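> Quick one: structure below, then a few questions.
The structure is reproduced here in structure tokens:
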């Protein structure tokens, strides 16, 4: 009896997380280079516990509280032309590398700017790295950045922006991602463009509806169990 | 309480700020030398429910874990110094900069401000000033009997005086250039002032070291593109709408939970 209530409760909890993820995607619908988060609410099957263990029944119930998994949908966001020379968008796979303290993090938010020491930096001042993991310095008036990341300043090549493929991507916040580097990416860099977030409102809306309806159904199950318990308490006792 | 409620409200706040920036751009669509802004956003922190790489069943690991994002935050209003359209006014003291660079003017407190709005006038002392009466730096005084003022592409200001045929040079307009104009602080009245982010200006003759040339008789309009702003406005409104839907949905869930206990 109580097992059922707990199982349905975990179901409601999952929907809540699902809605959290949808809300985060929607909040970032206008965030440059944001990659949407997909919550795979895969519930563990009821008998996935270890039946040979003595208290297997309770294990089943707890197994339901396990999360499925999430993944970050790294598909391409829409590209928008801005004509700003420091706006760089990546078409295809890859991430820019930036330095935060002694760590290298990755981003698709290519709305860069130049700081007073001529370093190419993100909007929060993190230095963008070149192929050799050195900060990119751009000192000049005419800046051309090629599709392969080559930086031409007043006609001279001064370096190449690092574009790296990463695996096991996770969100760090502030438009940054962490992951494991896996060599050079074959995406192309477009100067004067930015990449919008890849959040599709319709998709998120459907997910939101699904989450709330599933939540409602599960709530029904909980209420039903509650009614059963009530009957057990009041009606059986009457006999 | 429900995380999504707050997450969605950060989204609504962000879009509100987005609309503020768009409205400001549209309000200044006809302002000489105005440079448009664009609100930039970043995702906020993530709460790690399950750390990536944490052990799951039987010696396997969660490849990505469970991270719940907590919304969005505005991070910058980036200014865009792309050139505005140049329009011909025929007025001698309407100057436009064809290229990078700023005119320098002296504020009443003595600090130097920078502007792209080249609609200058002459005050009663003969000084070349902005519409607010701030003199251009270095100061140039036009003789009272000047017949015609000519400003060259390199900034030299010459006048023709009665009884002479050769023009007389009365000064040179210098332009300032910043390594990061996006870091300038706008103080209203079409003026910008230097900040730590913009770096110090390098001043000099127009047409040298990447500074643009001066075009007399032209004004630089704002670089606001109305169609683009309207499109952005629609996007902002829809994004606001959809975030409010997320707030509603969170509220519905909460209501359901409350209704559980009858």
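Residue numbers (UniProt numbering), protein chains in the order written: chain X, 1 to 239; chain A, 1 to 262.
For each residue, glycine too, the CB sits at the ideal point set by N, CA and C.
These numbers were taken from a predicted model, which means no experiment stands behind them.
Between the stretch 112 to 123 of chain X and the stretch 80 to 87 of chain X, can you find at least three pairs of beta-carbon atoms closer than 8 Å?
At 8 Å Cβ cutoff, the stretches touch.
> Identify whether residue 328(X) lies in helix, strand or coil by the three-state DSSP scheme.
Nothing in the structure corresponds to residue 328(X), since chain X is present only between 1 and 239.
> What residues of chain A sit near residue 118(X), judged by a beta carbon separation below 8 Å?
Working through the first chain from its first residue, we reach residue 118(X) at position 118. The answer, in chain order, is 179.
> Check residue 135(A) in the structure and name its three-state DSSP category.
Taking the first residue of the second chain as position 1, residue 135(A) is located at position 135. In this structure, residue 135(A) counts as strand in the three-state DSSP scheme.
> Residue 16(X) versus chain A: which residues are under 7 Å apart at the beta carbon?
In the first chain, the residue the question calls residue 16(X) occupies position 16. Simply 2, 253.
> Just checking my contact of residue 201(A) with residue 176(A) at CB under 8 Å: how many whole Å lie between their CB atoms?
Counting from 1 along the second chain, the entry for residue 201(A) is found at position 201. Counting from 1 along the second chain, the entry for residue 176(A) is found at position 176. Confirmed, Cβ separation roughly 4 Å.
> Residues in its own chain within less than 8 Å of residue 81(X) by CB, not counting five upstream and five downstream?
What you label residue 81(X) is simply residue 81 of the first chain in a count that begins at 1. Hits under 8 Å: 192, 193.
> Check whether the stretch 208 to 222 of chain X and the stretch 3 to 21 of chain X are in contact - that is, three or more C-beta pairs closer than 8 Å.
Touching, yes, given that three or more Cβ pairs across the two stretches are closer than 8 Å.
> At least one CB of chain A closer than 8 Å to the CB of residue 27(X): is that the case?
Reading the first chain from its first residue, position 27 is the one you call residue 27(X). True, the Cβ-Cβ gap to chain A drops below 8 Å.
> Based on Cα-Cα distance, which residue from 182(X), 176(X), 220(X) lies nearest to residue 72(X)?
Within the first chain, numbered from 1, the residue matching residue 72(X) stands at position 72. When each option's Cα is compared against that of residue 72(X), the closest is 176(X).
> Run through chain X and tell me which residues come within less than 9 Å of residue 245(A), C-beta to C-beta.
Position 245 of the second chain, counted from the start, is the residue given in the question as residue 245(A). Chain X residues near residue 245(A): 26, 205, 208.
> Output yes or no for whether 8 Å exceeds the beta carbon distance between residue 29(X) and residue 222(X).
Within the first chain, the letter at position 29 stands for residue 29(X). Within the first chain, the letter at position 222 stands for residue 222(X). Against a cut-off of 8 Å, the Cβ pair of residue 222(X) and residue 29(X) comes out as no contact.
> Counting only the same chain and skipping the five closest in sequence on each side, list residues whose C-beta sits under 6 Å from that of residue 212(A).
As a working mapping, residue 212(A) is identified with position 212 in the second chain. Result list for residue 212(A): 97, 98, 99, 100, 101, in chain order.
> Candidates 141(X), 91(X), 151(X), 232(X): which alpha carbon is nearest residue 130(X)'s?
Residue mapping note: residue 130(X) aligns to position 130 of the first chain, counting from 1. Per the Cα distances, 151(X).
> Under 8 Å: do the stretch 151 to 160 of chain X and the stretch 125 to 140 of chain X share three or more Cβ pairs, one atom per stretch?
Segments in contact, yes.
> Could you name the residues of chain X that residue 18(A) contacts, counting a contact when the two beta carbons are closer than 9 Å?
To locate residue 18(A), count along the second chain from 1; it is residue 18. 30, listed in chain order.
> Do residue 281(A) and residue 224(A) have their C-beta atoms within less than 8 Å of each other?
Residue 281(A) falls outside the range modelled here, since chain A spans only 1 to 262, and no answer is possible.
> With a Cβ-Cβ cutoff of 8 Å, do residue 24(X) and residue 254(A) count as a contact?
Locating residue 24(X) in the first chain gives position 24, where the first residue counts as 1. Locating residue 254(A) in the second chain gives position 254, where the first residue counts as 1. In this structure, residue 254(A) does not lie closer than 8 Å to residue 24(X) by Cβ.
> Can you confirm whether residue 123(A), when its beta carbon is compared against all beta carbons of chain X, has any partner nearer than 8 Å?
By one-based count along the second chain, residue 123(A) stands at place 123. False, the Cβ-Cβ gap to chain X never drops below 8 Å.
> Starting from residue 215(X), find everything on chain A with Cβ-Cβ shorter than 7 Å and list it in chain order.
Counted from its first residue, the first chain places residue 215(X) at position 215. Simply 253, 256.
> Between the Cα of residue 123(A) and the Cα atoms of 133(A), 34(A), 194(A), 117(A), which residue gives the shortest distance?
Along the second chain, read from residue 1 onward, the residue named residue 123(A) stands at position 123. Selected option, being the one with the closest Cα: 133(A).
> Starting from the Cα of residue 127(A), find the closest Cα among 164(A), 87(A), 171(A), 112(A) and give me that residue.
Translated into positions along the second chain, residue 127(A) becomes position 127. Comparing Cα-Cα distances from residue 127(A) to each of 164(A), 87(A), 171(A), 112(A), the minimum goes to 171(A).
> Contact criterion: CB-CB distance below 8 Å. Does residue 76(X) meet it with respect to chain A?
Position 76 of the first chain, counted from the start, is the residue given in the question as residue 76(X). It does not; no Cβ of chain A falls within 8 Å.
> Going along chain A, which residues have a C-beta under 8 Å from residue 37(X)?
In the first chain, the residue the question calls residue 37(X) occupies position 37. By Cβ distance, chain A contributes 67, 69.
> Let me see if you follow: with CB-CB separation under 8 Å, is residue 159(X) close to chain A or not?
Sequence index remark: in the first chain, residue 159(X) carries index 159 (1-based). No, no contact with chain A.
> Determine the closest residue to residue 174(X) out of 20(X), 116(X), 35(X), 206(X), with distance taken between C-alpha atoms.
Counting from 1 along the first chain, the entry for residue 174(X) is found at position 174. Measuring from the Cα of residue 174(X), the nearest candidate turns out to be 35(X).
> List, in order along the chain, the chain D residues whose C-beta lies closer than 7 Å to that of residue 134(A)?
The structure shown contains no chain D; the protein chains it does contain are X and A.
> Does any residue of chain A bring its CB to less than 8 Å from the CB of residue 168(X)?
Reading the first chain from its first residue, position 168 is the one you call residue 168(X). Chain A, which has a Cβ nearer than 8 Å to the Cβ of residue 168(X), makes this yes.
> Does chain X have any CB closer than 8 Å to the CB of residue 169(A)?
Here residue 169(A) refers to the residue found at position 169 of the second chain. With 8 Å as the cut-off, residue 169(A) does not count as an interface residue toward chain X.
> With 8 Å as the threshold, decide whether the Cβ of residue 175(X) is near any Cβ in chain A.
As a working mapping, residue 175(X) is identified with position 175 in the first chain. Yes, contact with chain A.
> In the DSSP assignment, find the alpha helix (DSSP H) that holds residue 16(A) and state where it starts and stops.
Here residue 16(A) corresponds to residue number 16 of the second chain, with the count starting at 1. 3 to 27 is the span of the alpha helix (DSSP H), which, as asked, contains residue 16(A).
> Is residue 73(A) helix, strand or coil by DSSP?
Looking up residue 73(A) in the second chain gives position 73. Three-state DSSP puts residue 73(A) in a strand.
> Rounding to the nearest angstrom, what Cα-Cα distance links residue 90(A) and residue 100(X) in this structure?
Locating residue 90(A) in the second chain gives position 90, where the first residue counts as 1. Locating residue 100(X) in the first chain gives position 100, where the first residue counts as 1. For residue 90(A) and residue 100(X), the distance between alpha carbons rounds to 52 Å.
> Quick check: is the beta carbon of residue 61(A) nearer than 8 Å to any beta carbon in chain X?
As a working mapping, residue 61(A) is identified with position 61 in the second chain. Not an interface residue.
> Excluding the five sequence neighbours on either side, which residues of its own chain have a C-beta within less than 8 Å of the C-beta of residue 46(A), listed in chain order?
Taking the second chain and counting its residues from 1, the one referred to as residue 46(A) is at position 46. Counting only Cβ-Cβ distances below 8 Å, and skipping sequence neighbours, we find 67, 68, 69, 70.
> Round the Cβ separation of residue 33(A) and residue 190(A) to the nearest angstrom and send it over; I've been treating them as touching at under 8 Å.
Working through the second chain from its first residue, we reach residue 33(A) at position 33. Working through the second chain from its first residue, we reach residue 190(A) at position 190. Contact flag correct, Cβ pair sits at about 5 Å.
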